Each structure stands twice: as structure tokens, then as C-alpha cells.
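**Q** Residues 1 to 106 in my numbering are what the sequence shown spells out, letter by letter.
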Amino acid sequence: MFEIKIAPQAAADLLEIKDYIENELQNPIAAHNTISKIIETYENLTVFPNVGIPVEKYVSFPTDYKFVLANNYSIFYRIEDEVIRIVRILYSRRDFVRILFGENSK
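1. Out of P62, T41, K57 and F61, point me to the one whose CA is closest to N71's CA.
2. Rounded to the nearest angstrom, what separates Q26 and F48 at their Cα positions?
3. Nearest to P54 by alpha carbon, out of Y73, I38 and Y77?
4. Determine, using beta-carbon pairs with one atom in the segment 95 to 103 and one in the segment 78 to 85, whether at least three such pairs fall under 8 Å.
5. Could you check the C-alpha separation between P8 and A31 for me, to the nearest Å?
6. Looking at C-alpha atoms only, which residue of G52, N33, D19 and Y58 is the closest neighbour of I86?
7. Between which two residues does the alpha helix (DSSP H) holding R98 run?
8. Would you kindly work out how many angstroms separate the C-alpha atoms of A11 and S60, rounded to a whole number?
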């Protein structure tokens, strides 16, 4: 079975998501439910690591990143031996190519 490792930026993303929903949207219950769904989704990757959509479908260069959806959020990850490394967790409408790979990556 695969092990999950959360990159520091992905951990920061989770905190930002929770903070935004809890404080800006004033909805602590939705914040809890959203974070729980995100965690449940990435934990399922330990059983089905290849279920994610390859990011290569959206870019013109090779990459081993994949992503899965959890409500309105995209969880970006890489498979490294027996480890699933969660790289970023982003709102699905954000420009993930620019965020993951930089301004000149399109």
C-alpha cells in the first residue's frame, strides 16, 4: 500500500482553504466538510494511486503530475515509488498550469 506525504505548500493550501471558508465565507461547518472531503479523497489514493487525471493532457510538455477532484478543489500529486506526494491543493477554477509550472509554461 502507498504512503501519503504532504508537501509543505499543500499543507499551507489546506490551511488557506479552511481559513477562507471559515472566516471569509463565515461558514465553519462547510470549512470542516470541505477539508474532510479533501483528506478523504487523497487518502483514497493509497488504494487507487493511478485514478488521477494526468496533467500532461493539459500542457505541452511531459510531467508526471496527476490530479483528482474533491468538490471544488483539485488535488495535485506525484507517485514516487511507494509514496504519493501531495504537491498542491487548488481551487479548481485557478490557473493550475501557471501556479504549478510558472508563467512561461503554457
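Just so it is clear, CB atoms sit at the ideal spot from N, CA and C, and this is done for glycine as well.
Note that the structure is predicted; figures quoted are calculated from it, not measured.
**A** So, from the listed chains and residues:
1. Stepping through the sequence shown from its first residue, residue 71 is reached at position 71. For the residues P62, T41, K57 and F61, the minimum Cα distance to N71 belongs to T41.
2. Reading the sequence shown from its first residue, position 26 is the one you call residue 26. Reading the sequence shown from its first residue, position 48 is the one you call residue 48. Whole-angstrom Cα-Cα distance: 35 Å.
3. Your numbering for residue 54 matches position 54 in the sequence shown. Selected option, being the one with the closest Cα: Y77.
4. no
5. Taking the first residue of the sequence shown as position 1, residue 8 is located at position 8. Taking the first residue of the sequence shown as position 1, residue 31 is located at position 31. Approximately 20 Å between the Cα atoms of the pair.
6. Taking the first residue of the sequence shown as position 1, residue 86 is located at position 86. Answer by Cα proximity: G52.
7. Numbered from its first residue, the sequence shown carries residue 98 at position 98. Looking at the DSSP string, the run of the alpha helix (DSSP H) that includes R98 is F96 to F101.
8. Counted from its first residue, the sequence shown places residue 11 at position 11. Counted from its first residue, the sequence shown places residue 60 at position 60. Roughly 28 Å between the two C-alpha positions.
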